[in-house]
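Everything in the sequence shown is counted per this note's numbering, starting at 35 for the first residue and increasing by one.
No residue lacks a Cβ here, since even glycine has one placed at the ideal position from N, Cα and C.
All values derive from a computational prediction rather than experimental measurement.
Right, one structure below, let's go through it.
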Amino acid sequence: MDLVKRPRRLRKCSALRDMLRETALDVKDLIYPLFVVPGEGMIQEVASMPGIRRFSIDMMINEAKAVKDLGIPAVLLFGVPSAKDEMGSGAYADDGIIQNAVRAIKRNIPDMMVITDVCMCEYTSHGHCGFVEDGYVANDKSAELIAKTALSHARAGADMVAPSDMMDGRVGAIRKLLDTEGFENVPIMAYSAKYASCFYGPFREAAGSAPQFGDRKSYQMDPANSDEALREIALDIEEGADIVMVKPALAYLDVISRAKQTFNIPLAAYNVSGEYAMVKAAGRMGCLDEKSAAMEILTSIKRAGADLIITYFAKDVAGWLATR
Ligand code: PBG
């Protein structure tokens, strides 16, 4: 007589379940996004992202310290400039909002890892991620301005730069410029497989970066594609990316998994604003338990293969992990 196979034996008690758990979230895997606004003494709520606030540089220092004290090693900075123009000149100004914010954090919290989002959409009057010519985001000129932006961040003291524009060749352009200017030790975390996703909606409110005409489909990827993601990642690695990223995360776990299995390189996943807002809203409506949902989602992102997770839940998770 065949014995019944009993995998439930290993699920019988919590000690054994704990011993055999395959994936564990660690606060060291997390990166917390911070939005910086002009002015002084400013702390602004972001309506669509409960719990997320935008800070002027002076107020941001305390927030960054709190993040550090929770054990979260890194922040990812996004800037909201006081003025925008066609060329997005605020993105690469030496005294731009990000450049000043980087200097302030490094001065006050030297061992905080400061990563900067390198893009133009917050700084251009048209809201696109590059230089627009005849209604089209011109690739090579945009890549040049993106590289210039990355260099200005490195000069201000950024520990790592993260281009999120999806222009062709921008990783190579950044690597070349950083190297010629003496920043060969500043790593690039490339938003390699970045999709044209509706899940960025709340972010665009936080960063004031919605495109003023059209959409981003001529540079960000079609959500229906996954082979293309692998080609984009391969190109970024070839051009010198140190860490590659899949974004968004939750609806793209298959892409994270394929990327992890295909490439032997650190992989980040961006648990984006809409993924955060969705859980917050459902939690507030009593449809599900926010903490359990957030932990399950983030654990799944890690299980799929992400080494690092950029998430608006980072502070909450740090607290939950500490009190477990
Ligand atoms: C800038 C950028 C975006 C996000 C990160 N960098 C928005 C976009 O591409 O429109 C989205 C992050 C989020 O939704 O949390 N290009």
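{"Query": "So M223 packs on M279, CB below 8 Å; how close in whole Å?", "Result": "6 Å"}
{"Query": "Just to check, is the beta-carbon of F347 closer than 6 Å to a non-hydrogen atom of ligand 1?", "Result": "no"}
{"Query": "What ranges does the beta strand (DSSP E) occupy inside the segment 261 to 333, keeping only unbroken runs of at least 3 residues that lie completely in it?", "Result": "277 to 281 and 301 to 305"}
{"Query": "Judging by CA-CA distance, which residue of H162, T357 and T333 is the nearest neighbour of R55?", "Result": "T333"}
{"Query": "Looking only at C-alpha atoms, which of L64, K118 and G75 sits nearest to L110?", "Result": "L64"}
{"Query": "Give me the DSSP bridge partner(s) of Y126.", "Result": "Looking at the DSSP assignment, Y126 forms no beta bridge with any residue, so it has no partner."}
{"Query": "Would the C-beta of R286 count as close to ligand 1, meaning under 6 Å from any of its heavy atoms?", "Result": "A small correction: the amino acid at residue 286 is Tyr; Arg does not occupy that position in the sequence shown. No - ligand 1 has no heavy atom lying nearer than 6 Å to the Cβ of Y286."}
{"Query": "From what residue to what residue does the alpha helix (DSSP H) around S48 run?", "Result": "S48 to L54"}
{"Query": "For a quick check, are the C-beta atoms of A192 and T150 less than 7 Å apart?", "Result": "yes"}
{"Query": "Is it buried or exposed, G169, if we count other Cβ atoms within 10 angstroms and call 16 or more buried?", "Result": "exposed"}
{"Query": "With H, G and I counted as helix, E and B as strand and the rest as coil, what does DSSP make of F237?", "Result": "helix"}
{"Query": "By how many angstroms is the C-alpha of Y126 removed from the C-alpha of T183?", "Result": "4 Å"}
{"Query": "Cβ-heavy atom distance between C232 and ligand 3 below 6 Å?", "Result": "In terms of ligand content, the structure shown lacks ligand 3 and carries ligand 1 instead."}
{"Query": "Opposite L111 in the DSSP bridges: which residues?", "Result": "L68 and T150"}
{"Query": "Excluding sequence positions up to five away, which residues of its chain have a Cβ less than 7 Å from the Cβ of E218?", "Result": "L212"}
{"Query": "Are the segment 43 to 55 and the segment 79 to 88 touching by the rule of at least three beta carbon pairs closer than 8 Å?", "Result": "no"}
{"Query": "Expressed to the nearest angstrom, what Euclidean distance is found between the alpha-carbon atoms of S82 and R204?", "Result": "31 Å"}
{"Query": "With H, G and I counted as helix, E and B as strand and the rest as coil, what does DSSP make of R45?", "Result": "helix"}
{"Query": "For the beta strand (DSSP E) containing L342, list its first residue and its last residue.", "Result": "L342 to T345"}
{"Query": "Could you check what DSSP says for D249 in three-state terms: helix, strand or coil?", "Result": "coil"}
{"Query": "Under a Cβ-count criterion, where at least 16 other Cβ atoms within 10 Å of its own Cβ denotes burial, should S176 be classed as buried or exposed?", "Result": "buried"}
{"Query": "When burial is assigned at 16 or more other CB atoms within 10 Å of the CB, is R250 buried or exposed?", "Result": "buried"}
{"Query": "By alpha-carbon positions, which one of T214, G320, I143 and V152 ends up nearest to S123?", "Result": "V152"}
{"Query": "I need the DSSP call for S226, collapsed to helix, strand or coil.", "Result": "strand"}
{"Query": "In whole angstroms, what is the alpha-carbon distance linking T357 and F347?", "Result": "15 Å"}
{"Query": "If you draw a straight line from the C-alpha of A306 to the C-alpha of S326, how long is it?", "Result": "The identity of residue 306 in the sequence shown is Val, whereas the question assumes Ala. The straight-line gap from Cα to Cα measures roughly 18 Å."}
{"Query": "Measuring alpha carbon to alpha carbon, tell me which residue in K62, K39, A58 and M121 is nearest I331.", "Result": "A58"}
{"Query": "Check whether the segment 239 to 254 and the segment 159 to 169 touch, using three or more Cβ-Cβ pairs below 8 Å as the test.", "Result": "yes"}
{"Query": "Tell me whether the segment 235 to 242 and the segment 258 to 265 touch, counting them as touching only if at least three CB pairs, one residue from each stretch, are closer than 8 Å.", "Result": "no"}
{"Query": "Indicate whether A338 and S291 have their beta-carbon atoms separated by less than 7 Å.", "Result": "yes"}
{"Query": "Between T158 and L301, what straight-line distance do the alpha-carbon atoms span, to the nearest angstrom?", "Result": "29 Å"}
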